Amino acid sequence: MRIVKRSLLGVIMLVTAACGGGGGGTPAGTPDATAPSVALSTPANGATVTGVTTVTADASDDVGVSRVEFYLNGVLQGNDGTAPYSYTWDSSTLARGSYTWTAKAYDAAGNQQQSAAVTVTVPVYAAMTTVVNGAGAVGTVSLAGIPVAAPYGVNFVVTMPAGATLSAVTTSGPYAGSGLATVSGANSLILASSSVASGEIMTVTFANVPPGTRSADFGIAVSAVYDGGGNLIQ
Ligand SMILES: [Ca+2]
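If you read the sequence shown in my numbering, its first letter stands for residue 97, the second for the next number, and so on.
Right, here's the structure in full:
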């Protein structure tokens, strides 16, 4: 009988310990079953984006965010494990069109949450770097947003200081800016080309540049874009 009593006492002690009543030996904590929350804060939905921009996500979690992944049109581009969660996006290599970003946040337990989508527009875009040398200046134009397979007709507005004149426009590339025409205006001119291709290199040379002119006094902007069928698309 004594042996039986001791065994019964042992069972009672084990059950008590398993229930945590005596303290010690209890598995710590409850599993994290709560997913993070995440939203894209930049760029804004509907924004027009050119060049290099930062895609930023706000993310939080009841325990902690372990990383945020960034997806462009559903394809993973990169991730960030430290707030502020961001990805540096160079849009200049992409063809004109709409692009959709989403972010996905994870916690250490593997819970995940996808953000709402943000859709932005990448346009046909031009920028000009101008070097002033005495009474002359040379602007090198960089183009973005033109698809490789389809040349566009593009009109550019070139701004320049009062008194300066256009000396020459040279282009090189698959179509060499064929159909190039110029229309002069007050302190500006329009360059119109029927075939501007991806990778086109355009150089604009100016004369009669007034003293004191700086490179920032010159500029270029895209004023119209036509597709291969001559339809205005931008
Ligand atoms: Ca969590």
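Every residue gets a Cβ at the ideal spot worked out from N, C-alpha and C, and that includes glycine. Given the structure is predicted, the values throughout are model-derived calculations rather than measurements.
Supposed contact pair residue j and residue i - C-beta distance, whole angstroms, cut 8 angstroms
{"i": "S137", "j": "A204", "result": "No, S137 and A204 are not in contact; Cβ-Cβ is about 23 angstroms, not under 8 angstroms."}
{"i": "V300", "j": "I242", "result": "The pair is not a contact, with the Cβ atoms about 18 angstroms apart (cut-off 8 angstroms)."}
{"i": "S211", "j": "V254", "result": "S211 to V254, Cβ: 41 angstroms. No contact."}
{"i": "A303", "j": "G232", "result": "6 angstroms"}
{"i": "G240", "j": "S194", "result": "What sits at residue 240 in the sequence shown is Ala, not Gly. The Cβ separation is near 15 angstroms, so there is no contact."}
Cβ-based neighbour list, residue i, same chain, cut-off 6 angstroms, excluding 5 preceding and 5 following
{"i": "P306", "result": "P257 and G259"}
{"i": "V164", "result": "A153, A155, D176, Y181, A199 and A201"}
{"i": "G326", "result": "none"}
{"i": "F146", "result": "In the sequence as presented, Phe is not what sits at residue 146; that position holds Thr. Answer for T146: Y221, listed in chain order."}
{"i": "A213", "result": "T196 and T198"}
{"i": "D186", "result": "V148"}
{"i": "G117", "result": "In this predicted model, G117 has a pLDDT of only 38, less than 50, meaning its place in the structure is not dependable; the value taken from the coordinates is given anyway. Once the five neighbours on either side are set aside, G117 has no close Cβ partner at all."}
{"i": "G315", "result": "T255"}
{"i": "G324", "result": "A246"}
{"i": "T342", "result": "For the chain, the structure presents residues 97 to 330; residue 342 sits outside this window and is missing."}
{"i": "G249", "result": "S290 and Y322"}
{"i": "L190", "result": "V218"}
Three-state class that DSSP yields for residue i in the structure shown
{"i": "D313", "result": "helix"}
{"i": "T178", "result": "coil"}
{"i": "T138", "result": "strand"}
{"i": "T189", "result": "helix"}
{"i": "S319", "result": "strand"}
{"i": "V161", "result": "strand"}
{"i": "D203", "result": "strand"}
{"i": "Q208", "result": "strand"}
{"i": "G326", "result": "coil"}
{"i": "T215", "result": "strand"}
{"i": "T152", "result": "strand"}
{"i": "A131", "result": "coil"}
{"i": "A143", "result": "coil"}
{"i": "G120", "result": "Below a pLDDT of 50, predicted positions are generally treated as unreliable, and G120, at 38, falls in that range; no measurement from the model is reported."}
{"i": "V111", "result": "Low per-residue confidence applies at V111: pLDDT is 40, beneath 50, and the placement is therefore not dependable enough to give any value."}
{"i": "V220", "result": "coil"}
{"i": "T126", "result": "coil"}
Same chain only: Cβ atoms within 8 angstroms of residue i, ignoring 5 sequence neighbours per side
{"i": "L328", "result": "A320, V321 and Y322"}
{"i": "A179", "result": "A155 and V161"}
{"i": "M224", "result": "G235, T236, V237, S238, V254, V300, F314, G315 and I316"}
{"i": "T278", "result": "L262, V265, L285, I286, L287 and A288"}
Contacts around residue i, its chain only, beta-carbon distance under 7 angstroms, and the 5 residues preceding and following it disregarded
{"i": "A143", "result": "V216"}
{"i": "Q208", "result": "A131, K200, A201 and Y202"}
{"i": "Q173", "result": "F166, Y167 and Y183"}
{"i": "P297", "result": "Per the sequence shown, residue 297 should be read as Ile rather than Pro. Same-chain partners within the cutoff: T267, S268 and G269."}
Contact test: residue i Cβ vs ligand 3 heavy atom, cutoff 7 angstroms
{"i": "A201", "result": "As presented, the structure is devoid of ligand 3, carrying ligand 1 as its sole ligands."}
Below-8 angstroms beta-carbon distance, residue i vs any chain B residue
{"i": "K200", "result": "Checking the listed chains, one finds no chain B in this structure; it contains a single protein chain."}
Whether or not the region 215–226 and the region 259–269 are in contact is what I'm after, with contact meaning three or more pairs of Cβ atoms, one per stretch, closer than 8 angstroms; do they touch?
no
Along the chain, which unbroken stretches of the beta strand (DSSP E) at least 3 residues long are found entirely within the region 227–306?
232–240, 248–255, 261–268, 277–281, 284–292 and 297–303
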